[in-house]
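Numbering (my numbering), first residue to last: 405 to 583.
Worksheet: the structure to be examined is printed underneath.
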Amino acid sequence: MGKATLDLRKEHDAILRVLKILDKMISDPMGDTNKLQYYSEVVYFLKVFADKCHHGKEETYLFEELVNRGIPKEGGPIGVMLREHQQGREYIALMDKSLEAKDLTEFNTSAAKYHDLLRQHIEKENNVLFVMADKVLNEAKQDELFRKFEQHEENVIGHGVHEKLHAMIHAWATEFNVN
Ligand SMILES: [Fe+2]
Ligand SMILES: [Fe+2]
405 MGKATLDLRK EHDAILRVLK ILDKMISDPM GDTNKLQYYS EVVYFLKVFA
455 DKCHHGKEET YLFEELVNRG IPKEGGPIGV MLREHQQGRE YIALMDKSLE
505 AKDLTEFNTS AAKYHDLLRQ HIEKENNVLF VMADKVLNEA KQDELFRKFE
555 QHEENVIGHG VHEKLHAMIH AWATEFNVN
């Protein structure tokens, strides 16, 4: 497994962990005000970490490199992944909207759709697309992509924010008892 795809797989683990935490938040008997606060923190995480940082690394660098290697953009796994990223953005926008309206039922519906989408999306990347990537990209190319990922992280979210996001996961995991 190359350095770049390994980095993305680790981010998948972090995203899945946050989705597990969100499920726990949703089923927790705490009051609505607390729920709204936690949900908006999770939505912030999903926007910055899952979409801007992670999907950004995939779309801008990994997928482009795979297209350069002859894997088609349309009519194959890359086209499907791009559409699912877009669908995810739409669900996040709906989650945002329901938080503004303080509509927790609507939030739960969009959150469940997002969770289902991301779970199967990540499974496909881990088991299909990244396996293909590991076959066509040599170690030097994986290292080069990884360096671009680090630069992307720095440019898009910055070092301090990255640390903060991991600290948020840690705090939620402790509070909601998620491994
Ligand atoms: Fe993706
Ligand atoms: Fe991904």
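Here a beta-carbon is modelled for each residue, glycine too, at the ideal position from N, C-alpha and C.
Computed from a predicted model, the values in this text were never measured in an experiment.
Proximity of residue i and residue j at Cβ, strictly below 9 Å
| i | j | result |
| --- | --- | --- |
| F550 | A408 | yes |
| R523 | L412 | no |
| H519 | D432 | no |
| H566 | C457 | yes |
| L508 | D455 | no |
| P476 | M536 | no |
| W576 | M429 | yes |
| K451 | H556 | no |
| K506 | L440 | yes |
| A497 | F453 | no |
Bounding residues of the alpha helix (DSSP H) (the contiguous stretch that carries residue i)
| i | result |
| --- | --- |
| M572 | 563 to 579 |
| L486 | 481 to 504 |
| L508 | 508 to 528 |
| K439 | 436 to 449 |
Simplified DSSP state of residue i, which is helix, strand or coil
| i | result |
| --- | --- |
| E554 | helix |
| D427 | helix |
| E478 | coil |
| G460 | helix |
| N531 | helix |
| R473 | coil |
| L541 | coil |
| M405 | coil |
| V452 | helix |
| H432 | In the sequence on display, residue 432 carries Asp and not His. Correct three-state label for D432: coil. |
| V560 | helix |
| V582 | coil |
Residues near residue i by beta carbon distance below 7 Å, same chain, minus five either side
| i | result |
| --- | --- |
| K517 | Y495 |
| L521 | E488, Q491, G492, Y495 |
Backbone CA spacing between residue i and residue j [nearest angstrom]
| i | j | result |
| --- | --- | --- |
| H489 | N472 | 20 Å |
| R487 | E468 | 15 Å |
| E548 | L420 | 26 Å |
| Q491 | E543 | 32 Å |
| G406 | T513 | 37 Å |
| L533 | F553 | 18 Å |
| D515 | Y465 | The question names Asp, but residue 515 is Ala in the sequence shown. Going from the Cα of A515 to the Cα of Y465 covers about 28 Å. |
| G474 | V560 | 28 Å |
| N438 | K545 | 46 Å |
| G562 | H459 | 16 Å |
| V446 | E478 | 32 Å |
Proximity test, residue i beta-carbon vs ligand 4 heavy atom, cut-off 8 Å
| i | result |
| --- | --- |
| H525 | In the structure on display, ligand 4 does not appear, and the ligands it does have are ligand 1 and ligand 2. |
Neighbourhood of residue i by C-beta, 6 Å cutoff - its chain only, sequence neighbours within 5 removed
| i | result |
| --- | --- |
| S444 | L503 |
Same chain, Cβ closer than 8 Å to residue i, neighbours up to 5 away in sequence not counted
| i | result |
| --- | --- |
| V484 | K528 |
| F449 | V422, L569, M572, I573 |
| N530 | R413, H416 |
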